[in-house]
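2 protein chains.
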Amino acid sequence: MAVTMRDVGRRAGVSAKTVSNVINGYPYIRPATRDRVLEAIAELGYRMNTSARSLRTGRRGTIALALPELRVPYFAELASEVIHAAEARGLTVIIEQHGGRRDLELDVLTGSRRDLTDGLIYSPLALGPGDEALLDVPYPIVLLGERIFHPNLDHVTMQNTAAAKAATEHLLAQGRRRIVAMGPNPDQDVGSAPLRFAGYQAAVEEAGIAVDPALAVPTKRSWDHATGARTIGRLVDDGVDFDAVFAFNDSLALGAMHELQARGRRIPDDVAVIGFDAIDEGRYSNPTLTTIDPGRAQIPRDAVRLIDERQRGVAGDPCRVAPEFRLVPGGSTGAEELAARGARA
Amino acid sequence: MAVTMRDVGRRAGVSAKTVSNVINGYPYIRPATRDRVLEAIAELGYRMNTSARSLRTGRRGTIALALPELRVPYFAELASEVIHAAEARGLTVIIEQHGGRRDLELDVLTGSRRDLTDGLIYSPLALGPGDEALLDVPYPIVLLGERIFHPNLDHVTMQNTAAAKAATEHLLAQGRRRIVAMGPNPDQDVGSAPLRFAGYQAAVEEAGIAVDPALAVPTKRSWDHATGARTIGRLVDDGVDFDAVFAFNDSLALGAMHELQARGRRIPDDVAVIGFDAIDEGRYSNPTLTTIDPGRAQIPRDAVRLIDERQRGVAGDPCRVAPEFRLVPGGSTGAEELAARGARA
DNA sequence: CTGAAAGCGCTTACAG
DNA sequence: CTGAAAGCGCTTACAG
Numbered sequence: 001m002a003v004t005m006r007d008v009g010r011r012a013g014v015s016a017k018t019v020s021n022v023i024n025g026y027p028y029i030r031p032a033t034r035d036r037v038l039e040a041i042a043e044l045g046y047r048m049n050t051s052a053r054s055l056r057t058g059r060r061g062t063i064a065l066a067l068p069e070l071r072v073p074y075f076a077e078l079a080s081e082v083i084h085a086a087e088a089r090g091l092t093v094i095i096e097q098h099g100g101r102r103d104l105e106l107d108v109l110t111g112s113r114r115d116l117t118d119g120l121i122y123s124p125l126a127l128g129p130g131d132e133a134l135l136d137v138p139y140p141i142v143l144l145g146e147r148i149f150h151p152n153l154d155h156v157t158m159q160n161t162a163a164a165k166a167a168t169e170h171l172l173a174q175g176r177r178r179i180v181a182m183g184p185n186p187d188q189d190v191g192s193a194p195l196r197f198a199g200y201q202a203a204v205e206e207a208g209i210a211v212d213p214a215l216a217v218p219t220k221r222s223w224d225h226a227t228g229a230r231t232i233g234r235l236v237d238d239g240v241d242f243d244a245v246f247a248f249n250d251s252l253a254l255g256a257m258h259e260l261q262a263r264g265r266r267i268p269d270d271v272a273v274i275g276f277d278a279i280d281e282g283r284y285s286n287p288t289l290t291t292i293d294p295g296r297a298q299i300p301r302d303a304v305r306l307i308d309e310r311q312r313g314v315a316g317d318p319c320r321v322a323p324e325f326r327l328v329p330g331g332s333t334g335a336e337e338l339a340a341r342g343a344r345a
Numbered sequence: 001m002a003v004t005m006r007d008v009g010r011r012a013g014v015s016a017k018t019v020s021n022v023i024n025g026y027p028y029i030r031p032a033t034r035d036r037v038l039e040a041i042a043e044l045g046y047r048m049n050t051s052a053r054s055l056r057t058g059r060r061g062t063i064a065l066a067l068p069e070l071r072v073p074y075f076a077e078l079a080s081e082v083i084h085a086a087e088a089r090g091l092t093v094i095i096e097q098h099g100g101r102r103d104l105e106l107d108v109l110t111g112s113r114r115d116l117t118d119g120l121i122y123s124p125l126a127l128g129p130g131d132e133a134l135l136d137v138p139y140p141i142v143l144l145g146e147r148i149f150h151p152n153l154d155h156v157t158m159q160n161t162a163a164a165k166a167a168t169e170h171l172l173a174q175g176r177r178r179i180v181a182m183g184p185n186p187d188q189d190v191g192s193a194p195l196r197f198a199g200y201q202a203a204v205e206e207a208g209i210a211v212d213p214a215l216a217v218p219t220k221r222s223w224d225h226a227t228g229a230r231t232i233g234r235l236v237d238d239g240v241d242f243d244a245v246f247a248f249n250d251s252l253a254l255g256a257m258h259e260l261q262a263r264g265r266r267i268p269d270d271v272a273v274i275g276f277d278a279i280d281e282g283r284y285s286n287p288t289l290t291t292i293d294p295g296r297a298q299i300p301r302d303a304v305r306l307i308d309e310r311q312r313g314v315a316g317d318p319c320r321v322a323p324e325f326r327l328v329p330g331g332s333t334g335a336e337e338l339a340a341r342g343a344r345a
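Protein sequence lines correspond, in order, to chains A and B. Numbering-wise, the first sequence is residues 1 to 345 according to the UniProt record's numbering. Numbering-wise, the second sequence is residues 1 to 345 according to the UniProt record's numbering.
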């Protein structure tokens with residue numbers, strides 16, 4: 001059978017309990033004892049049986065991150081950082097993909113995977129207002145996104161409206177006047193889209209410009225390259241006049257940028273483009289993409305910190321945090337000199 | 001305390017063992033008994049304590065997928081599929097990122113995370129020939145990639161040379177004669193690069209063309225957009241004449257494509273471009289990217305199947321599999337009509 | 001078809 | 001500073 005703490009203890013001339021104390025960093029151990037134990041561990045090649053520990057403590061040291069699709073760059077990057085942040089706290093992450101399907105999002109909450117983790121970082125897409133009661137579950141949840149809120153749950157969100165306003169102001173400051181807002185969806189009264197559109201609207205109106213409905217271009221909910229390309233293509237085909245695009249995420253922006261260039265529009269000369277999210281891809285596009293960093297570094301850290309603290313019972317009242325955002329200058333709005341000065345390092 | 005099988009059994013008028021039998025699908029149970037047990041489970045809200053089960057069985061139902069970086073699209077897509085394939089077998093995946101750092105790659109093999117999983121799907125970048133002994137570990141490993149091989153380990157690889165040859169032949173068939181090979185690295189005698197270069201070389205030579213060393217363009221090891229753009233830019237600056245690019249992965253190809261377009265070259269008219277990997281991004285680029293699908297659907301399925309079978313002890317001799325590849329036609333080589341005919345659906 | 005007993009390998013009180 | 005006992009909640013033989 002496997003080597004146990006008892007075996008290690010026998011070898012070191014101590015009890016299993018002392019071995020446990022050494023491994024778990026219990027402070028009051030005579031150095032000589034500790035050394036003998038560590039030596040025995042090495043000699044016997046002892047490995048902790050983590051199932052036994054979990055059974056005894058009731059903790060697994062594992063959290064779940066439930067998101068729509070790992071292959072969407074935004075989520076891949078989020079997952080990467082959540083894993084790093086969790087590792088720094090000794091936690092292990094299990095990623096679950098629900099694809100924005102309601103049935104799978106419900107399964108995330110109650111399915112058998114919940115017997116494998118101590119807590120859940122949850123970024124739903126299909127759940128929304130009216131589903132709050134589903135979130136009353138007997139384990140800690142940290143919510144991400146703008147789809148659903150719950151007074152008892154920690155929530156890491158974004159300054160969507162303020163950031164969208166800043167993005168629009170950036171375009172206005174460069175003299176752009178006919179700015180497309182790509183992403184608002186009239187069917188959707190909740191989520192990032194209406195919040196970002198509100199920021200756009202506020203900036204435009206504060207600049208003394210009437211919001212032109214022809215420039216508020218809805219898209220389907222999956223904000224990807226193809227949608228961005230198709231949407232801007234249709235706008236051009238329809239003869240709509242515009243000199244800038246604020247796309248509600250980077251994939252839309254990059255898709256639109258490709259399509260505009262394919263149709264001979266120069267960026268930023270003819271059309272300035274700004275995105276939202278600050279995914280890696282925008283740093284390698286041609287030109288580089290000006291975008292909003294909604295707090296890429298902070299969001300995963302906060303989410304993991306909150307779930308960890310909640311799970312360990314050291315958290316205070318449920319809280320809602322929205323990290324600082326910042327505008328990342330790129331070539332797509334002619335702001336690359338700033339970039340060169342190191343703003344994006 | 002939590003509800004246990006004993007509690008459920010008491011409620012249903014049976015023993016804990018019978019509850020266990022019901023949950024685990026043991027066949028010989030009277031329907032009436034089973035129904036009473038299931039009812040009791042529902043009434044009491046019983047949840048399995050998976051730590052206890054793991055302690056008893058010695059199995060956790062968990063596998064690790066160790067890869068360089070989740071934020072690299074190729075790996076994000078691989079991870080996504082591995083998770084799906086694992087779920088289909090009732091396995092849970094833990095992703096570990098080693099960043100291609102040797103110290104972290106070693107830690108993957110021996111670190112404490114190995115006490116949390118039953119097996120490892122391992123895609124190393126820093127380990128290589130000479131490190132085989134490090135892979136002699138007391139748990140199942142399935143290797144991915146071309147860096148290191150081991151006679152006792154299952155290995156899922158690609159038909160690198162044959163696929164690279166097919167890619168090059170595709171360009172040759174369209175009358176291209178000066179084909180850049182982007183990615184070979186003279187310092188690297190092992191890995192995908194030399195294998196893909198061999199395929200390129202074979203195709204060119206079979207076409208009766210001498211391989212021009214000026215067209216074999218080395219890159220640094222991280223095959224990303226920026227590298228592709230920079231590399232092709234330098235080639236143009238140096239006045240090298242070429243009418244096609246075979247990039248050793250899609251990110252290089254997409255970076256090169258951007259840069260060429262930024263410099264006014266038309267694709268595919270002036271330069272045809274083909275990549276390798278078939279990542280999602282190439283389906284949305286302008287033009288779409290012709291590429292090699294090295295078996296994207298099969299690789300994760302085989303890897304998970306092998307680790308599962310090995311771990312359950314139902315596997316035969318260690319095996320090496322390399323799925324079928326296929327050429328995915330796109331606009332970057334003027335092959336989009338094929339695409340339109342449904343070849344990429 | 002089902003039950004009673006034992007034990008997987010830890011950690012938690014409880015002593016000393 | 002360290003030990004002996006008990007028990008976390010399952011499943012595995014062993015019976016019947």
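Virtual Cβ for every residue (Gly too), placed ideally from N, Cα, C.
Cβ of residue i within 7 Å of any chain A Cβ
i        : result
B/Asp115 : yes
B/Met48  : yes
B/Ser80  : yes
B/Tyr122 : no
B/Arg176 : no
B/Asn286 : yes
B/His150 : no
B/Ala262 : yes
B/Ser51  : yes
In DSSP terms, what residue i is bridged to
i        : result
A/Met182 : A/Val217, A/Ala247
A/Leu55  : Note: A/Leu55 sits in no beta bridge, so no partner.
A/Gln97  : A/Leu67
A/Thr62  : A/Thr92
A/Arg326 : A/Asp293
A/Tyr122 : A/Ala66, A/Leu143
A/Asp154 : A/Val142
B/Arg320 : B/His155
A/Ala272 : A/Ala244
Cβ-based neighbour list, residue i, same chain, cut-off 7 Å, excluding 5 preceding and 5 following
i        : result
A/Gly99  : Pro68, Glu69
A/Ala214 : Val240
B/Glu81  : Pro300
A/Glu324 : Gly295
B/Ile83  : Val93
Proximity test, Cβ basis, 7 Å: residue i and chain B
i        : result
A/Glu77  : yes
A/Ser192 : no
A/Arg71  : yes
A/Ser54  : yes
Same chain only: Cβ atoms within 6 Å of residue i, ignoring 5 sequence neighbours per side
i        : result
B/Val37  : Ala12, Val19, Val22
A/Arg344 : Here A/Arg344 scores only 38 on pLDDT, less than 50, and its place in the model should not be relied on; the value that follows carries that caveat. Around A/Arg344: Val328.
B/Gly342 : Residue placement at B/Gly342 is poorly supported in this model, since its pLDDT is 47, which falls under 50; the coordinates still yield a value, given next. So the list is empty, once near-sequence residues are dropped.
B/Thr333 : Pro268, Ala272, Ile274, Thr290
A/Ala85  : Pro300, Arg301, Val304
Within 7 Å, strictly: CB atoms of residue i and residue j
i        : j        : result
B/Gly233 : B/Leu252 : no
A/Ala16  : A/Arg30  : no
A/Ala64  : A/Thr117 : yes
B/Phe248 : B/Arg283 : no
B/Ser192 : B/Asn160 : yes
A/Ile307 : A/Val142 : yes
B/Arg326 : B/Asp280 : no
B/Pro218 : B/Pro184 : yes
Chain-ordered residues of the stretch 92-112 of chain A with a beta carbon less than 9 Å from chain B
If the cut-off is 9 Å between Cβ atoms, the stretch 92-112 of chain A has Thr92, Val93, Ile94, Ile95, Glu96, Gln97, Ser112 near chain B.
Residues of the stretch 155-169 of chain A whose Cβ lies closer than 7 Å to any Cβ of chain B, in chain order
Contact annotation: in the stretch 155-169 of chain A, no residue has its CB less than 7 Å from a CB in chain B.
Got a sec: which bits of the stretch 218-241 of chain A sit with their beta carbon under 8 Å from any beta carbon on chain B, in order along the chain?
The residues in question are Asp224, His225, Ala226, Ala229.
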